[in-house]
Structure formats: structure tokens, C-alpha cells
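Taking it in order: structure first as C-alpha cells, then the write-up.
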Amino acid sequence: MKKVLLLAFIIMASMTLIACNKEVEEEGTVITYAAWNLGTEEAYNIERRMIDEFMVANPDIQVNVIERPKTVDEEGNESDVSWDEFFAAQAAIGKMPDVFMSDSVIKAVTNGWAEDIMSIASADSEFALLSEDIRNATTINGKLYALPQALYYMGYFINRTVIGEAGAGAVVPTYGMSFDALMAAAQADAKQPVIGGDGIAGIDGMNNLIGWLPAQYNADIDWFTYSESGFHFDSEAFQIAVNEQMKYYGAGASGYSNYVLETQDNRADRYGEGDPFTNGKQSIKWEGSYNLRDWLSATLNEESGLYGADIDFIGTPSVTYNNQTVHRIPIVLDYIGVGQGTQYPEAAYEFAKWMGFGKDGYMKRLDIAENHPEAGAVNFAPMINDQAIVDAFFDLYPTLVEFKKIVTEHDAFIVESLAKTVPGYIDVRWTAAYNAEMNMAAVFDMIVRGELSLADALAAGLNTIANREYNDAKERLDDITNS
Numbered sequence: 245m246k247k248v249l250l251l252a253f254i255i256m257a258s259m260t261l262i263a264c265n266k267e268v269e270e271e272g273t274v275i276t277y278a279a280w281n282l283g284t285e286e287a288y289n290i291e292r293r294m295i296d297e298f299m300v301a302n303p304d305i306q307v308n309v310i311e312r313p314k315t316v317d318e319e320g321n322e323s324d325v326s327w328d329e330f331f332a333a334q335a336a337i338g339k340m341p342d343v344f345m346s347d348s349v350i351k352a353v354t355n356g357w358a359e360d361i362m363s364i365a366s367a368d369s370e371f372a373l374l375s376e377d378i379r380n381a382t383t384i385n386g387k388l389y390a391l392p393q394a395l396y397y398m399g400y401f402i403n404r405t406v407i408g409e410a411g412a413g414a415v416v417p418t419y420g421m422s423f424d425a426l427m428a429a430a431q432a433d434a435k436q437p438v439i440g441g442d443g444i445a446g447i448d449g450m451n452n453l454i455g456w457l458p459a460q461y462n463a464d465i466d467w468f469t470y471s472e473s474g475f476h477f478d479s480e481a482f483q484i485a486v487n488e489q490m491k492y493y494g495a496g497a498s499g500y501s502n503y504v505l506e507t508q509d510n511r512a513d514r515y516g517e518g519d520p521f522t523n524g525k526q527s528i529k530w531e532g533s534y535n536l537r538d539w540l541s542a543t544l545n546e547e548s549g550l551y552g553a554d555i556d557f558i559g560t561p562s563v564t565y566n567n568q569t570v571h572r573i574p575i576v577l578d579y580i581g582v583g584q585g586t587q588y589p590e591a592a593y594e595f596a597k598w599m600g601f602g603k604d605g606y607m608k609r610l611d612i613a614e615n616h617p618e619a620g621a622v623n624f625a626p627m628i629n630d631q632a633i634v635d636a637f638f639d640l641y642p643t644l645v646e647f648k649k650i651v652t653e654h655d656a657f658i659v660e661s662l663a664k665t666v667p668g669y670i671d672v673r674w675t676a677a678y679n680a681e682m683n684m685a686a687v688f689d690m691i692v693r694g695e696l697s698l699a700d701a702l703a704a705g706l707n708t709i710a711n712r713e714y715n716d717a718k719e720r721l722d723d724i725t726n727s
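Heads up, the sequence shown is in this note's numbering, so the first residue is 245 and it goes up one at a time.
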């Protein structure tokens with residue numbers, strides 16, 4: 245009954261929208277947009293301002309925001325319908341938004357929500373400025389189903405201020421340093437507590453090593469050993485990464501308890517209550533660059549543990565193996581799609597580009613952030629290496645000297661956000677059954693804790709199970725995209 249009512253509501257809303265826009269359509273193009281980062285009309289955040297500025301720059305195009313309908317439960321509580329329900333209902337009546345935020349490109353393609361925009365993107369000179377990894381991330385069988393809306397980097401933040409308090413011999417990590425050098429710096433940048441709560445943690449993020457480290461030892465694989473041919477848990481590169489991560493979770497973890505956060509049980513005694521990094525008690529922290537906005541703002545807040553801190557981002561370190569140095573930094577991408585069946589694919593593409601990677605839109609985003617700080621800051625770096633927009637972004641954040649090197653100099657990446665673009669990834673990484681008692685997530689946890697050897701897991705079919713899940717999901721997706 246809930247779905248029937250939802251569908252009826254959307255049909256009525258669509259008819260109202262058509263009627264309201266009839267006069268506008270006679271004068272120009274009308275496209276619709278659905279996204280979860282718009283806030284309220286009253287708050288008028290940076291995203292809603294971007295929509296209005298697009299219409300100023302493109303007066304022949306009207307953009308109407310589609311708000312999700314409300315549902316009321318049996319107790320009278322009102323809530324928004326889920327985005328998946330909303331998009332499914334819109335698609336069922338052939339009224340997908342012309343442009344929409346997409347939390348999973350695979351899901352959007354499978355459900356028939358996304359339009360192929362390869363022909364438009366191929367003719368766009370700015371699209372060609374994106375790195376090949378980013379351009380290809382949402383390409384399936386030669387068809388392009390989404391554009392990058394935001395790009396974030398995964399890796400290590402550093403707090404130079406805290407490092408300076410760690411004592412003699414402290415080392416400030418930099419972009420491009422080796423993994424071994426980073427771990428040595430983490431040890432030098434830790435300080436043991438004297439009176440309780442006054443210690444400094446060296447580093448965390450050891451739980452992510454099996455994600456990004458294999459790709460440094462084998463240029464043919466990406467995050468979590470993925471390549472187009474499948475997953476490679478039987479590779480030497482994965483074994484090396486497992487061995488490294490097991491140091492901090494296995495029987496010998498206590499040997500690193502002076503500086504590796506994951507090996508410490510008595511954190512409150514060492515650093516006080518709360519998160520050590522945001523409390524100004526940690527030198528090197530693994531996180532995504534999407535935290536820059538909040539953490540840099542905290543450096544200006546006298547009540548924050550980060551007040552006055554000199555924070556930067558160095559990405560992941562390099563690895564030299566067999567006399568070859570490899571330095572591939574993980575990235576996370578958010579996507580924006582063009583709705584299947586749109587009457588205005590070119591206008592929809594231009595708007596999606598404006599809200600994401602396009603130069604004109606990004607410059608306007610920076611302008612809004614500078615002149616209307618109450619609307620929100622820009623928390624993602626430019627996706628195209630254009631000097632004007634790079635300079636404009638880093639003018640807002642002049643202390644990010646290492647991060648600027650990544651944005652302007654680095655050209656080797658691996659995509660971390662595979663759950664959005666790789667068929668079967670969620671099953672391979674977490675949910676598929678390894679045996680009658682365990683799923684894949686539990687098996688990988690056991691492996692890095694030293695409770696199950698990788699060799700035994702492989703003998704029991706780990707790699708076979710992973711690639712069966714991947715190939716089955718890929719085959720289903722191929723059937724859809726090739727039809």
C-alpha cells in the first residue's frame with residue numbers, strides 16, 4: 245500500500261510540475277534535479293546557490309528541484325521516502341529527474357535510471373582533461389553512465405603543530421615519502437604520556453593496508469587487488485599487504501603500541517577522552533580529504549583541540565620494490581547522473597558538469613564560498629588540472645602545501661569507491677558467503693588477525709568465490725548494457 249500511495253503521489257506531483265512549467269517550456273528548456281545535499285530552501289546552501297547561478301549563466305535553461313515526497317507511518321510520524329524508492333517510482337512512470345546524484349552507478353544502470361552520455365562527453369574538451377582513471381570509472385561496455393561530481397583523496401593527514409611537540413627527533417612527513425619512512429616518522433612523532441592524557445599518537449589507518457598497499461607492489465591491480473579481469477587475492481602483492489597489516493592486528497601487535505593507535509587499548513589514559521587527532525593529540529591520521537573543510541575550520545575555533553594547528557594532507561606513501569618505485573594514491577569519487585529518457589541530454593550534461601568537474605561551475609563554487617561563507621565551504625579540490633582553478637582553490641587554503649603537490653603533480657591513482665562502480669564488489673568485500681558459517685568480511689578479518697592463513701583461505705576457495713561473485717554480477721550488468 246505504501247508503494248501504491250507513493251506512486252500515486254509522484255504521478256500527481258509530476259502532473260503539477262508539468263502544468264507549472266508549461267509556460268516556461270514554451271520559452272526555453274526545463275530540466276529537473278534531485279540530490280540529497282541541497283538542504284532546505286531557507287538555508288539556501290552552496291548547492292542551491294549553484295543551481296541559481298547556473299540559470300543566470302544559462303538563461304535559456306530552467307532547473308527545477310524535485311523534492312522527495314513525505315510518508316506518514318501508522319503513528320503519524322512524517323519522513324521522507326528513501327532515495328531508492330523515490331527514483332524507482334519516478335522511473336516507473338518514465339519521469340526520472342534529468343539530473344540526479346548517484347550513490348551507486350551500478351544500481352542506477354541496473355535499474356534503468358541512467359542515460360548513456362558517452363557521445364556528449366567525448367565531444368567535450370574539458371572532459372578530456374580529467375585523468376584517465378576518473379574518465380573510465382563509470383564507463384561500462386563503451387557507455388558512460390555518470391560524471392564525477394566530487395573527487396576526494398584517501399591517505400594521511402599530518403598535524404605539524406603536534407609533531408613539533410613530540411620532542412627531539414620528530415619528523416614532518418611529506419608527499420611522496422616512502423612507506424618505510426612514513427612508519428619511521430610515525431614512531432618518531434609519538435610521545436608517551438607523562439601525567440596521563442598528555443601523550444601523542446603516532447599514526448593510525450593500519451586497517452586499510454590491504455586496500456591500497458597491494459597496488460603499490462603490482463601495477464596491474466587497483467584497490468583491494470581489483471582489475472577488470474577480477475580480484476587477485478592469490479597475488480604476491482596481496483600476501484605482502486596482508487603480512488604488513490597483520491603486524492598491527494596479530495600476535496605481535498604489542499610491539500608497535502608505542503606509536504600505532506590500533507594497537508593500543510588504553511587510549512583514554514594516553515590521550516584523554518575523545519578522538520586523539522581532533523583533540524590535538526595525534527601526528528598522522530588516515531582519512532579522506534573530505535575532512536579538510538571541517539578540520540581547517542576547527543583550527544580557527546578556540547574551543548577545538550585543533551585550534552591554531554598547522555594541518556596538511558600527504559596522501560599515501562610510495563613503495564620501492566624490485567628496484568621500481570610506485571606511488572598510486574587512492575581516490576573517492578561522488579557521481580552525478582543524467583536520467584534515462586531525458587528530453588534534453590545536452591542541457592542535462594551541461595548542468596551536471598557545472599555541479600561537478602567543470603571549470604566554470606567550480607570557479608563559481610569558489611566565488612560563492614568566499615563571498616557567502618554561511619552557505620558552506622568547498623571541500624573537494626579541482627578535478628581538472630587548470631592553473632586558474634587550482635590557484636583559486638589553494639588561495640583559500642594556503643597552508644596545504646603538500647596537498648597542492650598531489651593536486652598539481654600527481655597522476656597515478658587507484659579508485660577506492662569501487663562499491664559504486666564495480667559489479668559484485670560489495671559481495672566480494674563483505675557479504676558473500678565464504679562457507680556456511682562466515683561471510684567474506686569475517687574471513688578477511690581473520691586473515692589480518694593471523695587467525696587464518698591466507699594460504700589456507702585460498703586453498704578453501706577464497707579467490708574462486710570472489711571471482712565467481714564478480715563474474716556473475718558482471719555478466720548480469722553486461723546483459724543490461726549490451727541489450
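Glycine included, each C-beta is placed from N, C-alpha and C at the ideal position.
None of the values given here were measured: they were computed from a predicted structure.
Asked: My guess is that residue 648 and residue 638 are in contact by the Cβ rule of under 8 Å, so how many angstroms apart are they, rounded?; Found: 5 Å
Asked: In the DSSP assignment, find the unbroken beta strand (DSSP E) run with residue 228 in it and report its ends.; Found: Lying outside 245 to 727, the shown extent of the chain, residue 228 is not represented and no answer is given.
Asked: Please state whether DSSP places residue 392 in a helix, a strand or coil.; Found: strand
Asked: What residue does the beta strand (DSSP E) around residue 530 start on, and which one ends it?; Found: 528-532
Asked: How would you call residue 403, buried or exposed, if buried means at least 16 neighbouring beta carbons within 10 angstroms?; Found: buried
Asked: Residues in the same chain with beta-carbon distance under 6 Å from residue 484, minus the five sequence neighbours each way, listed in chain order, please.; Found: 461
Asked: For residue 573, tell me which candidate among 562, 350, 566 and 579 has the shortest Cα-Cα distance.; Found: 562
Asked: Leaving out the 5 sequence neighbours to the left and right, which residues in its chain are closer than 8 Å to residue 501 when beta-carbon positions are compared?; Found: 507 and 508
Asked: With 16 other CB atoms within 10 Å as the buried threshold, where does residue 667 fall?; Found: buried
Asked: Tell me which residue opens and which closes the alpha helix (DSSP H) that residue 610 is part of.; Found: 603-615
Asked: Can you check whether the CB of residue 343 is closer than 8 Å to the CB of residue 582?; Found: yes
Asked: For residue 664 and residue 551, which I take to be in contact (beta-carbon distance under 8 Å), what is that distance rounded to the nearest angstrom?; Found: That pair is no contact at about 36 Å.
Asked: Please state whether DSSP places residue 347 in a helix, a strand or coil.; Found: coil
Asked: In whole angstroms, give me the CA-to-CA distance for residue 448 and residue 531.; Found: 9 Å
Asked: Buried or exposed: residue 640, going by 16 or more other Cβ atoms within 10 Å of its Cβ?; Found: exposed
Asked: Could you tell me the distance, in whole angstroms, from the CA atom of residue 537 to the CA atom of residue 391?; Found: 23 Å
Asked: Going straight from the alpha carbon of residue 684 to that of residue 535, what length do you get?; Found: 29 Å
Asked: Compute the distance between the beta-carbons of residue 443 and residue 437, then report whether it is under 8 Å.; Found: yes
Asked: Do you know whose CA, among 470, 274, 374 and 310, lies nearest residue 661's CA?; Found: 470
Asked: Taking 8 Å as the cut-off, does the region 615-622 touch the region 304-316 (at least 3 CB pairs, one atom from each stretch)?; Found: no
Asked: Can you give me the Cβ contacts of residue 374 inside the same chain, cut-off strictly under 8 Å, excluding the 5 residues immediately before and after it?; Found: 392, 601, 627 and 628
Asked: Over the uninterrupted alpha helix (DSSP H) stretch that includes residue 489, give me the two end residues.; Found: 480-493
Asked: How about residue 298 and residue 595: do their beta carbons lie closer than 8 Å?; Found: yes
Asked: Can residue 289 and residue 725 be called in contact, C-beta distance under 8 Å?; Found: no
Asked: Please list the terminal residues of the continuous beta strand (DSSP E) segment that includes residue 557.; Found: 555-559
Asked: Of all the options 431, 409 and 399, which has the alpha carbon lying nearest to the alpha carbon of residue 420?; Found: 399
Asked: Below 8 Å CB to CB, which residues in the same chain sit around residue 474 once its five sequence neighbours on both sides are set aside?; Found: 710, 711, 714 and 715
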